[in-house]
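Chains as they are written, first to last, in UniProt numbering: chain A, 1 to 689; chain B, 1 to 579.
All residues carry an ideal CB built from backbone N, CA and C; glycine is no exception.
Everything below concerns the one structure shown next.
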């Protein structure tokens, strides 16, 4: 996957492959998949036949004219094929690199965990579910599985594109391993959970390649609409033939409309633009998701992401930075802040935890207290233990300690010093604000409190406000107590929070929202997240997570990034918007095509109808050619948009609609008037018509 | 001129003022709530249920509901078909009217059970009193009630969640007739009788003309026959139930069917009253009045645009008409405009408003000769039918057809805001989409196929009154009228021919039942769904933008389907006239 990331540009190789595929896709079996384009395909065959007939004198229009129309129709079909092929290209390249990871290896099967010596060598392809294998450093993991014993670092770059190895170990939430990845150090005993052919890698290849791509309900619904329109246009053109016959009879002249012209009209009117691009839009959406390193188990999941209106976000990593940081020193009982900062820094010097580091940094930044050399001072480090719940240093016989309020209180009082009201008050205040207070003592005397704070990631507040504008509510999920959670929630600007979250709590919250008609998205990694993941409408499992979580979710985030959910929603919305916008554009185009073709067809019958030729196209045949050439070229012109997706903005539905209507609706009406005229001028000037 | 504009405006204002309270009343009837008439009507209602063994609590699935409709329509068809053929042997036939040919009976029977009331016969000479009363008038009630009942079922599809039943057809049907159609018809018929519409069983009377007429061939006519009959009772429901089939051949242009300016006003408003009211019923019963207002606004806007277009093109006529003396643009002492084919006693405003109302609603009654409208005026009337009769349309069916268009609109618009589409909280998925397009496209399909085949048949020319583009307009209008279940005629078109009777009959059947069954099926599927919560990311279906978009979609589908046909008919004719 790293390859495709690096070369987001469509390279030459992909282009050649797509060109080749455009012709391969001419087989009727492929064409009938897309009924709108199948109509163009049949039309092209029909005019080809008409052309050959015309060579033998059976003609309703000049041979050259029929040939011209025929060629353009075939190009229209090829352009549509090309659009699909180029969208598939990226996925195919990805699939190729994944396939190289998926080779049969020799697996070391063992009868049970306790008898690791009885190794049986077996091809990975023959492994059955429930088999137990042992994988040593340097070996490839033969199949998806659950680690039963051992811990090892594993290189998963074949799948995630991330070269840094990850730890996989028995028990806990990092026990899932994927076939095709490589153990770098130590060893693992693995129980096989997926047999060859159903492995994660197989699914992944199928997904990125699009071979298992099923039409989503929304795509089907849109296709129904397009087919219905096409049927109407078939009736319009067929009835137009008899109308024209009738009118010509009345006027006593020959029927002015030829079958070739009517076919050209039909192809122009049929929603070929969206018909040609529909599958590319779907494939490109999937591909964009893959580029974000998210693997959707179905196309349906991406569309559901567009509908989601509740995001359940884990606090840590998504809303706040992973760790708390010192943000303030608050002295008590008349001590100075410098005195407090100095002691706090001293106590934290040997403390390698992120919290400890942040205390040192704060003291340095705020008060210019430089780090001192541990050995110089001859300090003794007293590390944090669960029983004392404090840490610190002994320097020159002086005890400096910092720790949780209640443990310090006991510690101070044990040494018959006073734990003042002031200190108690400040500790309470900090807790109320959602922070964590650390009380610092020197020689059993309380100096003051360090305010450890959850640091809200920059920009999240604005992000959530944007989401709110789009009607998406954000819910923060945290294990913190309600007080802390409320404070952070307020600061981050989320709409609601779930404090002291348990898996059951998450599940019931999702159910509540769903009962009220909301669609919920969440991320999860642990096995205990599985029920909630299974319940959520869009469930993103972390790749680092357990097998159970991965199976319960309908997407897997290979980067295991908690913020990914927001990207997924964006991609989902963009996919739907692109579909809607191009449909609007395609249908709006028809107006201009009517104004080009109808006067052209009937000027002989009713010369007055030339008043409808508002584009002042040169002649009847130049008008028909211009319209049908535009119809073919617009497919090519819109391929980049179909692949990239229409521009996405976090604004309300009303604003989005008016914007897209303006661009694709009004634009769709005006654009063809300009370009049909332009093409007319060009083909007349170059003498093609 | 100002006077005319005031008239137009007044008509529209009165319509709205009457429609709102009526809509709320109908909403209560639908939900079985207590209304003004409950005390009076409930005993009859209960009696009917007891006699017919109807269980009020017996909710039906959409399939059963549809089956009931097909059953009642099927029985109606057979009875009417036989009655029309045998009317010569049946009682109450003082004018000694003969039985209809099988194909005319086929056409007429379908026409009345489908709420179209296309008439290839003339009332005075083609139908006995018995036929008019027991056959046609009864069907005027039945077909109207069926349309409204289906709308009720469709509304329930939107309201209900996770249910698979959409109401009891027989209860809906009975309540609609007892609480809505009969009381309103009684009021209207009494009123128009007071204005001079006949209501009797007399034989036709022969009277001496005040001024003898000499025909072109020299014969002098001194006497005329004045037809009689139980007209008022049928006229009331034909207007209220968007049926439109006149008691007399010339419909409401005939003095005994529409004698005075006041009777004209009442009959004209009756055309749109129930269809307009149903919009407010819809809003009330889906518990979001804004939704009903939005649908009303969309329909009303198109109606006003149509009215203005017709008014302007009739008022100013064309140069050709002016030169021919048909249009008096210099009007000093009288109203100007194209008065050809219009009744002098009604004038421009009342004729044009009626014509727009009757084609907007799928009523089809006329008080002027539509064939004589200017090409563009006639085109607008034709287009109103071709749009699928959703600009108010038939009672019930107009609104459920419009809901089909709303489904199409939310589908496109919903996608453009990045959501899979939903309407009134219900997700629009492939099944609803299939049914929605079927409902919206049935009319264009029926019209295009019907007129397409007809245009290819050489003998069709014999039916036409005109040649060239106008002749084509007559043909197109005929099939548009059948395909829109409208029933109005462009006149000048001789329709009582085997092919035309049968083909129009089939058009009417398809255009009536395809959307009806489709929307019932959609209702059944929608009722099963849960409701999606609305957020600011949800597409609003009650604001200006949506109304505008809905109008755009309706006009676009209409224009895309009929632009070529209209170009060969009215547009060519118009360009020729001004050229």
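### Message
Which same chain residues end up closer than 7 Å to residue 405 of chain B when comparing Cβ atoms and leaving out the 5 residues on each side of it in sequence?
### Response
390, 440, 550, 553, 554
### Task
With residue 108 of chain A as the anchor, note down where its alpha helix (DSSP H) starts and where it stops.
Premise fails: residue 108 of chain A lies in the beta strand (DSSP E), 106-110, not in any alpha helix (DSSP H).
### Message
For residue 320 of chain A and residue 392 of chain A, what's the separation of their Cα atoms in angstroms?
### Response
27 Å
### Task
Would you mind telling me which residues of chain A sit closer than 8 Å to residue 428 of chain B, beta carbon to beta carbon, in chain order?
221
### Task
With distances taken Cα to Cα, identify the nearest neighbour of residue 79 of chain A among A:41, A:525, A:404, A:97.
A:41
### Message
Does the CB of residue 576 of chain B have a neighbour CB from chain A at under 9 Å?
### Response
yes
### Message
Cβ closer than 8 Å: which chain B residues qualify as neighbours of residue 34 of chain A?
### Response
By Cβ distance, chain B contributes nothing, its closest Cβ being about 16 Å from residue 34 of chain A, past 8 Å.
### Query
For residue 653 of chain A, which residues in chain B fall below 8 Å Cβ to Cβ?
417, 419, 536, 537, 538, 539, 540
### chain A within 9 Å of residue 626 of chain B, Cβ atoms only
Because chain B spans 1 through 579 in this model, residue 626 of chain B falls outside it and cannot be assessed.
### Query
Can you find at least 3 beta carbon pairs, one from the segment 36-43 of chain B and one from the segment 287-296 of chain B, that sit closer than 8 Å?
no
### Query
Can you find a C-beta in chain A that's less than 9 Å from the C-beta of residue 531 of chain B?
yes
### Query
Smallest Cα separation from residue 193 of chain B: which of B:153, B:147, B:229, B:210?
B:229
### Task
With a 10 Å radius around its C-beta and 16 neighbouring C-beta atoms as the bar for buried, classify residue 400 of chain B as buried or exposed.
buried
#### Entry: Cβ separation of residue 56 of chain B and residue 49 of chain B, assumed to be a contact under 8 Å, to the nearest whole Å
6 Å
### Contacts that residue 577 of chain A makes with chain B (C-beta to C-beta distance below 8 Å)
415, 416, 417, 418
### Message
I need the DSSP call for residue 354 of chain B, collapsed to helix, strand or coil.
### Response
helix
### Task
Quick one: give me the first and last residue of the beta strand (DSSP E) that residue 437 of chain A is part of.
436-442
### Query
Does the beta carbon of residue 502 of chain B sit closer than 9 Å to a beta carbon anywhere in chain A?
no
### Task
May I ask you to list the residues that DSSP assigns as paired with residue 392 of chain A?
A:382, A:401
### Query
What is the residue span of the alpha helix (DSSP H) that residue 294 of chain B lies within?
289-316
### Task
Going by DSSP, name the residue or residues bridged to residue 185 of chain A.
A:153
### Message
For the structure I just gave you, are there three or more beta carbon pairs, one from the segment 236-252 of chain A and one from the segment 197-209 of chain A, closer than 8 Å?
### Response
no
### Task
Please state whether DSSP places residue 591 of chain A in a helix, a strand or coil.
helix
#### Entry: Presumed contact (8 Å Cβ cut-off) between residue 562 of chain A and residue 314 of chain A, rounded CB distance
5 Å
### Task
List the residues of chain A whose Cβ lies closer than 8 Å to the Cβ of residue 305 of chain B, in chain order.
Going along chain A, no residue has its Cβ under 8 Å from residue 305 of chain B, so there is no contact; the nearest lies around 18 Å.
### Query
Does the distance from the C-beta atom of residue 144 of chain A to that of residue 229 of chain A stay below 9 Å?
no
### Message
Taking a contact to mean a Cβ-Cβ separation below 9 Å, would you say residue 87 of chain B touches residue 246 of chain B in this structure?
### Response
no
### Task
Kindly indicate if chain A contains any beta-carbon less than 9 Å away from that of residue 385 of chain B.
no
### Task
With distances taken Cα to Cα, identify the nearest neighbour of residue 271 of chain A among A:261, A:280, A:223, A:294.
A:223
### chain B within 9 Å of residue 496 of chain A, Cβ atoms only
no
### Query
Cβ atoms of residue 546 of chain A and residue 525 of chain A: under 9 Å apart, would you say?
yes
### Task
Assuming residue 80 of chain B contacts residue 109 of chain B (C-beta within less than 8 Å), just tell me the rounded distance between them.
4 Å
### Message
Is it the case that the segment 44-55 of chain A contacts the segment 257-277 of chain A, given that we only count it when at least three CB pairs across the two stretches are under 8 Å?
### Response
yes
### Message
Please report whether the beta-carbon of residue 445 of chain B lies at a distance below 9 Å from any beta-carbon of chain D.
### Response
Chain labels in this structure do not include chain D; the protein chains are A and B.
### Query
Should residue 103 of chain B and residue 502 of chain B be called a contact, given that it needs their Cβ atoms to be closer than 9 Å?
yes
### Query
Just the Cα atoms here: how many angstroms apart are residue 569 of chain B and residue 382 of chain B?
11 Å
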